[in-house]
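I have placed the structure first, in the form of structure tokens, so that the comments after it can refer back to it.
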Amino acid sequence: MAALLISRIVYSITNASGSSAARGWLRAGVGRRWQRPPDASGALPGHTCSLCGQTRALHMSARLLKQRKTKETKKLAFKPKAKSDPVVKIWRNMTVAELAAALEKTEDHVYEAMLFIPGTDDYDSSHAPIGDISVLQGVVKKTGRRAAVVAAPEPAAPPVSKDIARRPPPADWSAVPRRPPVVTIMGHVDHGKTTLLDALRHSHVVDSEFGGITQHIGAFRVQLDDETMTFLDTPGHAAFSAMRHRGALATDLVVLVVAADDGVMEQTRESVRHAEDAGVPLLVAINKCDKPEADVEATKRSLLEAGVQLEELGGEVQAVQISALRGHGLTELKETILTLAELLDLRRLSTVLVQRGTLRRGAVLVAGGCWARVRAMFDDAGRPVQRAPPSAPVEVLGWKELPSAGLEVLEVDSEKHAKEVVTWRHHQESFRKAQEDQEAAQQRLEKHLSEYRAEREERLKRGLRYRPASSRGPRQKEITDEHTGPTLSVIVKGDVDGSVEAILDVLDTYHEPDVRLDLVHYGVGNVTESDVSIAKMFNAVVYGFNVEAPLDVAARARSDNTPIRLVNVIYRLVDDVRQELNKLMPLKEVDEVIGEANVLQEFVVTEKKHKIPVAGCRCTKGQLKKADKYRLVREGETVYDGTLSSMRHLKNEVDYCEKRTSSAVLMLADPE
């Protein structure tokens, strides 16, 4: 009876649940032990399986059986837990920042731990050294770690600089051969600098300059008797201050040209300051002495007021009277320049600089963050040359990127070395900018914390622990553009870097709040399709200074309705920008005063049961018309602004009143 009961239980479990656990249990024990004997036909009693079609009491399919696990598979493999080292290495004079890094915590966490340790009031900055070991141990203990006192680590060695610099001069200076001097001609605009250079080199450069003014630094080699000199012609316009400064830095002698009929002007004083800052000797050439209105003595006195001590007035600066247009005094000027050059004892060195050495084709140059292999060189006349001797001005072709004007050019041995130097300089520049950004971010953080602490103290004084929910909301923008008026967007392209720099300096002087001047893009070279695309995007005006716009670029600009203004004189560009700004200026209502009158007597009249104020006036300026608007001003305050209801002269109604009229009666339209 017991065997039959167990067999039925096995059968019901097999057909009802069909689970692998139950089948495994049946196969291992009861299923095999309590199986019924077959009937006469040899078949086991049971039902037909829906999967295999067999009639079996117990389903013994291998697919449905659970495999027995061995002892090896029963073992579970766990990764060992990473044990954190509770020991923190500390040393004497450890800073707060170093302690926070050793604890893998923030500096605020260290400061909070110091609140519970006496004698920590002096450690209020990240770089404050902590000389007390007990303080360090106390902070480590408060964080749940153990401290181990060790020796202070050796400071990290600074990175080896890969930059290059000019070579020092030799010990025996007398063994170095002499080099031709570099002379820079400086002065005010239209004082005759380029005319003087034309007279020295027997050319007519001034006739080929746009607007009759110099707008670039011109370098020329001039043969004076048996000597060869390099002259730099700097622009005198106020916009080219940076060019004059670079001209003073790259020269051995400055010839200051002052017009005798004009005297010392603003750019003259600026040229004197540039020469003094560069430590370059000065020579004064008083030009235009042949003019009837020339006053040489007044010019010398004005030079003395500007800080130029002439020899005849007890100073050291020589002054030569010339007329560049007629050629008077040029011989004396040449002799003075050669004498000063000999006194300066200028010599050339076989170094990487063109100022102090020889540059040859194929050399590798580095200037700032740019490098070049010299593929071609051209002298001041545009002729190709293979080598450039000392003090020779040449144009270099082969720059990978265009360097900025005024940078020092150095020669290296290979392109690999040049790339290393440029990469190092870029890295140093990025590091410097990162430090500046970090300092600015730290200042903003300190400002934010101070404002937060002040606000928190104010809340605590009022008994509020948390900020009211009504004051919370979306974060406001820290930088907002408050300008909602019109904007003039411009793109500037120039022939050289110095010209673009001068134009940008002029644009920086604009500070009108009604119309904003936005510089979208600037660069060196002709106008390109990229410039036109940017101008179309920002609705900008493209200004080209001494450059061209190719035909395809000009055609695309016309199809896009993008204006391109090509100019050759800087003041014409400035005038065009001023006109464009004036077009965008909003209209303002301006009161035009067409007449004035003084109130002699005031009284009130009754008309149709209404009291109306009346003023007896005398016209003192212009004309008074009845149809115009009037403003009554008393002690600087406007008491009435409106029209008149009546104007009378004596007893007659009139439409106007002139200055010659003795008096008039004005009746205000609004009695209130």
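In terms of my numbering, the sequence shown has 464 at position 481, counting the first letter as 1, and numbering is strictly consecutive. For every residue, glycine included, the Cβ atom is placed at its ideal position computed from N, Cα and C.
{"Asked": "With a floor of 3 residues, list each beta strand (DSSP E) that falls wholly inside the region 350 to 400, ordered by position along the chain.", "Found": "353 to 361, 378 to 382, 392 to 395"}
{"Asked": "Cα-Cα, which of Leu583, Arg617, Cys640 is closest to Lys604?", "Found": "Cys640"}
{"Asked": "Closer than 6 Å by C-beta to Lys642: which residues in its own chain qualify, once you throw out the five before and the five after it? Chain order, please.", "Found": "Cys602"}
{"Asked": "Please work out which residues of its chain come closer than 7 Å, Cβ to Cβ, to Ala371, disregarding the five sequence neighbours upstream and downstream, and give them in chain order.", "Found": "Val337, Thr341, Leu342, Met360, Val377"}
{"Asked": "Can we say the region 569 to 589 touches the region 603 to 620, given the rule of at least three CB pairs closer than 8 Å?", "Found": "yes"}
{"Asked": "So, for Arg408: in the same chain, excluding its five sequence neighbours on each side, which residues have a beta-carbon less than 6 Å away from its beta-carbon?", "Found": "Gly352"}
{"Asked": "By the 10 Å Cβ neighbour count, where 16 or more other Cβ atoms means buried, how is Ser117 classified, buried or exposed?", "Found": "exposed"}
{"Asked": "If you scan the region 549 to 576 from start to end, which runs of the alpha helix (DSSP H) of 4 or more residues do you find wholly inside it?", "Found": "553 to 567"}
{"Asked": "Helix, strand or coil, according to DSSP, for His494 in the structure here?", "Found": "coil"}
{"Asked": "Determine which residues share a DSSP beta bridge with Arg614 and list them.", "Found": "Asp624"}
{"Asked": "Return the first residue and the last residue of the beta strand (DSSP E) that Ile100 is part of.", "Found": "Careful: Ile100 lies outside any beta strand (DSSP E) and carries neither H nor E."}
{"Asked": "Cutting at 7 Å between CB atoms, please list the residues of its own chain near Val205, excluding the five before and the five after it.", "Found": "Leu183, Arg184, Met212, Phe214"}
{"Asked": "Please state if the CB of Val349 and the CB of Leu380 are separated by a distance shorter than 9 Å.", "Found": "no"}
{"Asked": "Check whether the region 528 to 545 touches the region 470 to 482, counting contact only when three or more Cβ pairs, one atom from each stretch, lie closer than 8 Å.", "Found": "yes"}
{"Asked": "Judging by CA-CA distance, which residue of Val122, Gly170, Pro163 is the nearest neighbour of Ile73?", "Found": "Val122"}
{"Asked": "Mapping the DSSP letters down to three states, classify Thr406 as helix, strand or coil.", "Found": "helix"}
{"Asked": "Mind checking whether Val263 and Thr167 have CB atoms under 9 Å apart?", "Found": "yes"}
{"Asked": "By the three-class DSSP mapping on this structure, what secondary structure does Glu440 have?", "Found": "helix"}
{"Asked": "Give the C-beta separation of Val241 and His174 to the nearest angstrom, bearing in mind that I take them to be a contact with Cβ-Cβ under 8 Å.", "Found": "6 Å"}
{"Asked": "Are the CB atoms of Val483 and Gly506 nearer to each other than 9 Å?", "Found": "yes"}
{"Asked": "Could you tell me whether the region 511 to 518 touches the region 480 to 495, where touching means 3 or more Cβ pairs closer than 8 Å?", "Found": "no"}
{"Asked": "Looking only at its chain, what residues have a beta carbon closer than 7 Å to the beta carbon of Pro69, apart from the 5 residues adjacent to it on each side?", "Found": "Arg128, Arg129"}
{"Asked": "Using a threshold of 8 Å, is the CB atom of Ile113 nearer than that to any non-hydrogen atom of the ligand HEM?", "Found": "Questions concerning the ligand HEM fall outside what the structure shown contains, since it holds no ligand whatsoever."}
{"Asked": "From which residue to which residue does the beta strand (DSSP E) around Lys604 run?", "Found": "593 to 608"}
{"Asked": "Would you give the residue range spanned by the beta strand (DSSP E) that Gln304 belongs to?", "Found": "301 to 304"}
{"Asked": "For Ala130, report the span of its beta strand (DSSP E) as first-last.", "Found": "129 to 132"}
{"Asked": "Decide yes or no for the touch test of the region 285 to 297 against the region 319 to 326: beta carbon pairs closer than 8 Å, at least 3 of them.", "Found": "no"}
{"Asked": "Helix or strand or just coil, what does DSSP make of Leu180?", "Found": "helix"}
{"Asked": "For my contact list, Val347 and Thr234 are in at a C-beta cut-off of 8 Å; report their separation, rounded to the angstrom.", "Found": "Wrong, their Cβ atoms sit about 26 Å apart, outside the cutoff."}
{"Asked": "Going by C-alpha to C-alpha distance, which of Arg539, Val71, Asp497 sits closest to Ile517?", "Found": "Arg539"}
{"Asked": "What are the residues that DSSP puts in a beta bridge with Asn581?", "Found": "Arg601"}
{"Asked": "Please say whether Leu500 and Thr470 have beta carbons closer to each other than 9 Å?", "Found": "yes"}
{"Asked": "With DSSP as the reference, identify every bridge partner of Lys72, one or two as the case may be.", "Found": "Ala131"}
{"Asked": "Would you report the Cα separation of Gln562 and Leu266, rounded to the nearest angstrom?", "Found": "41 Å"}
{"Asked": "Taking buried to mean at least 16 other C-beta atoms within 10 Å of its own C-beta, is Lys571 buried or exposed?", "Found": "exposed"}
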